[in-house]
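Here the working numbering is used: the first residue of the sequence shown is 3, the next is one more, and so on.
The beta-carbon is built from N, C-alpha and C at its ideal position, and this holds for glycine as well.
Heads up: the structure comes next, in structure tokens.
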Amino acid sequence: MKEATLAKLVDYVKTLWSSGKGEALIQGNFDRSEALDIVSTIDKTISFETSTRDRYPARLRALPLPTSKPDESPTTLRISEPNPANDNAASHITLQSFGTSEKDHVLAEILSAVIEEPFFDDLRTKKQLGYIVSSGVRAVDQSRTLSVIVQSNVAPAEKLTASMVAFLDSVEEKLLKPLTAVEIELFVKGLVDSRLEPDKQVGAGVDFDC
Numbered sequence: 003m004k005e006a007t008l009a010k011l012v013d014y015v016k017t018l019w020s021s022g023k024g025e026a027l028i029q030g031n032f033d034r035s036e037a038l039d040i041v042s043t044i045d046k047t048i049s050f051e052t053s054t055r056d057r058y059p060a061r062l063r064a065l066p067l068p069t070s071k072p073d074e075s076p077t078t079l080r081i082s083e084p085n086p087a088n089d090n091a092a093s094h095i096t097l098q099s100f101g102t103s104e105k106d107h108v109l110a111e112i113l114s115a116v117i118e119e120p121f122f123d124d125l126r127t128k129k130q131l132g133y134i135v136s137s138g139v140r141a142v143d144q145s146r147t148l149s150v151i152v153q154s155n156v157a158p159a160e161k162l163t164a165s166m167v168a169f170l171d172s173v174e175e176k177l178l179k180p181l182t183a184v185e186i187e188l189f190v191k192g193l194v195d196s197r198l199e200p201d202k203q204v205g206a207g208v209d210f211d212c
């Protein structure tokens, strides 16, 4: 960073936008010709030179998040809102799994299913900390991350974070240890059913590479 200059940054930007790999997903009430017209318009507007396959990775790869020991504070990113009239605050905690097997991925999905309703019930219904309270699993390449998010206009970010951490610390004792084999099977069945449920919102979809 100390060696960075404006001239170097400008030169880098010119290189960055000179070529690239584009992927388009067109969903909705379009036929093939209409979808291709949309992709063609975007392609002409951006005016990228097509990169050769040896210049970009086959898949998007997730970088590992910094690890911390049990007695250490985890990596924290804080962003301050410069507008004093805005009383909104948000906290987002991400737990990354380094397991890459299908079993690891399924277990992350099951864990997410186990905590989803209790997390919402605790922070939204009981504590009424936020108007947005959600949790879920995100997939990037072979990595899976479990995220919990709270957005609020009644509590500062520090209070949201402390409440979220307290909930996560209680998951093992309150939610996992009391689970029975039958309850696990119900969570698994729910995940399977959600995967097999037909998409009721999108009538047609066309996927193109350009």
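- Contact between the region 96 to 112 and the region 147 to 164 is present: three or more C-beta pairs spanning the two stretches fall below 8 Å.
- By the Cβ neighbour-count rule, Asp124 is buried, with 16 or more other Cβ atoms within 10 Å of its own.
- Looking at the DSSP output, Glu51 shares a beta bridge with Ser21.
- Less than 8 Å divides the Cβ of Phe122 from the Cβ of Val135.
- Counting of Cβ neighbours within 10 angstroms places Ile117 among the buried residues, the total reaching 16 or more.
- Around the C-beta of Val41, 16 or more other C-beta atoms lie within 10 Å, and the residue is accordingly described as buried.
- Judged by their CB atoms, Leu193 and Ala115 are nearer to each other than the 8 Å cut-off.
- With a threshold of 16 other beta carbon atoms within 10 Å, Glu119 falls short and is exposed.
- Here DSSP, grouped into helix, strand and coil, assigns Thr96 to strand.
- Between the alpha carbons of Tyr133 and Thr127 lies a distance of about 10 Å.
- Straight-line measurement puts the Cα of Val173 at about 46 Å from the Cα of Ile44.
- Under DSSP, Ile134 forms a beta bridge with Gln153.
- The region 78 to 97 and the region 150 to 168 touch, with no fewer than 3 CB-CB distances between them shorter than 8 Å.
- Secondary structure at Leu178: helix, using DSSP grouped into helix, strand and coil.
- If you look at Glu118, you'll find it in the alpha helix (DSSP H) that goes 104 to 122.
- Ser165 and Thr102 have their C-alpha atoms spaced approximately 30 Å apart.
- With contacts defined as CB atoms closer than 8 Å, Ala64 and Asp143 qualify as a contacting pair.
- Judged by beta-carbon spacing, Ser53 lies beyond the 8 Å limit of Ser75, meaning their Cβ atoms are not closer than that value.
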